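Numbering (our numbering), first residue to last: -7 to 352. Cβ atoms here follow ideal geometry from the backbone N, Cα and C, with glycine treated the same way. Owing to the predicted nature of the structure, the values given are computational and were not obtained by experimental measurement. Worksheet for the structure shown next.
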């Protein structure tokens, strides 16, 4: 399993179809701040092209009641920067956001034409790869997406939902658009009986999960139908085969590997070799590069995303133990994260084959 464009759009309500978030990182930061925010940040509040997130909330507190259209737009950009730096594009600093994002917020009509869902997914894919390294000790990116995705699909890891907390009731909530699917987790959460902060236990539980303990399709049509339209506007490209782009980051999106979670038959996916050189690229010393030109081949592939959609027959029954895909998967993957999980699986498999032999 993996997080897909469908998850991003349904859980967070972000558009997945549109222009890629790519271009030149290095900008005239003072000019951007002056024109887009009407404010120049002191040098001690900046680190290169990044500013402290908490300073944004300090300089842009509650919107004045007499604010004109220009001031409203400046506040909207400041709030959006906090969202981008604190959640969607969070880095390991945990308190800085890049000023360069303002280039995508200048014209709000144009802002809505970007794929604000695919860029965080590209960022998360890259961060998961780095965190999985033996020397990786931290993770950045939209980890709230990762957490809600896991709760939706692995209920044995999730807390139990309670009632809406009084402090979580938003004044004049009826004036806002209906929320996305992930919003329901803001209710009070009951964690009694849920393992907390024990990594080894989490690993054992994941290792020993049975197929029927996984919610493969948490978004049936009955759920999607009740969500606001913006949560499914990009469904035509949820299974696209295309590169996900975020400035220097290029991560291939391979729905062929997770067809079951779309309700389709899972087959052995086509071989795809990820360029290790491409995977090593980061922004260090390269902020002056125009990544839309540097990655022009992948930008062209993204622009054709609607023409390359993975599909297969509808999955009617779960795959059997000896299905070619399962045989292939068991051969090529690392199936366990813990010794106890591997031992438990070995015991179950031995018992299964012993019982099967007794019927021959």
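Which listed residue (the options) has its alpha carbon closest to that of residue i
i           : options            : result
residue 119 : 90, 84, 141        : 84
residue 283 : 13, -4, 55         : 13
residue 366 : 90, 297, 64        : This structure does not reach residue 366, given that the chain is present from -7 up to 352, and the question cannot be answered.
residue 291 : -4, 6, 2, 11       : 11
residue 19  : 149, 346, 92, 148  : 92
residue 86  : 43, 106, 297, 330  : 43
residue 217 : 194, 172, 275      : 172
residue 58  : 67, 51, 50         : 67
residue 205 : 54, 142, 264       : 142
residue 318 : 220, 252, 269      : 252
residue 64  : 37, 46, 98, 78     : 98
residue 279 : 21, 0, -4          : 21
residue 285 : 144, 240, 322      : 240
residue 236 : 25, 53, 46, 107    : 107
residue 179 : 104, 103, 152, 336 : 152
residue 293 : 268, 338, 234, 100 : 234
residue 191 : 166, 168, 169, 149 : 149
residue -4  : 103, 51, 138       : 138
residue 271 : 262, 287, 281      : 287
residue 132 : 221, 262, 79       : 79
Residue i (DSSP reduced to helix, strand or coil)
i           : result
residue 338 : helix
residue 282 : strand
residue 234 : strand
residue 153 : strand
residue 256 : strand
residue 324 : helix
residue 250 : helix
residue 356 : Since the displayed the chain opens at -7 and closes at 352, residue 356 lies outside it and no answer follows.
residue 210 : coil
residue 0   : helix
residue 222 : helix
residue 96  : helix
residue 330 : coil
residue 190 : coil
residue 196 : helix
residue 346 : helix
residue 70  : helix
residue 84  : coil
residue 57  : coil
Presumed contact (8 angstroms Cβ cut-off) between residue i and residue j, rounded CB distance
i           : j           : result
residue 114 : residue 238 : 4 angstroms
residue 8   : residue 109 : 4 angstroms
residue 4   : residue 174 : 6 angstroms
residue 199 : residue 328 : 5 angstroms
residue 95  : residue 15  : 7 angstroms
residue 17  : residue 275 : 6 angstroms
residue 6   : residue 45  : Between residue 45 and residue 6 the Cβ distance is about 19 angstroms, and since that is not below 8 angstroms, they are no contact.
Identified DSSP bridge partners for residue i
i           : result
residue 90  : 42
residue 241 : 238
residue 16  : 282
residue 11  : 106
residue 306 : 256
residue 301 : 232
Close beta carbons around residue i, own chain, < 6 angstroms, minus the five adjacent residues each side
i           : result
residue -6  : 250
residue 117 : 243
residue -2  : 230
residue 299 : none
residue 354 : Here the chain has residues from -7 to 352 only, and residue 354 is not among them.
residue 62  : none
Close Cβ partners of residue i (< 7 angstroms) along its chain, the five nearest in sequence each way excluded
i           : result
residue 255 : 209, 306, 307
residue 81  : 112, 115
residue 128 : 122
residue 48  : 70, 73, 74
residue 310 : 203
residue 316 : 260
residue 196 : 330, 332, 333
Spatial neighbours of residue i in its chain, beta-carbon cut-off 8 angstroms, leaving aside the 5 residues before and after
i           : result
residue 343 : none
residue 324 : none
residue 228 : 9, 298, 301
residue 130 : 84, 123
residue 27  : 98
residue 177 : 140, 143, 153
Proximity test, Cβ basis, 9 angstroms: residue i and chain D
i           : result
residue 232 : This model lacks chain D altogether; it includes just one protein chain.
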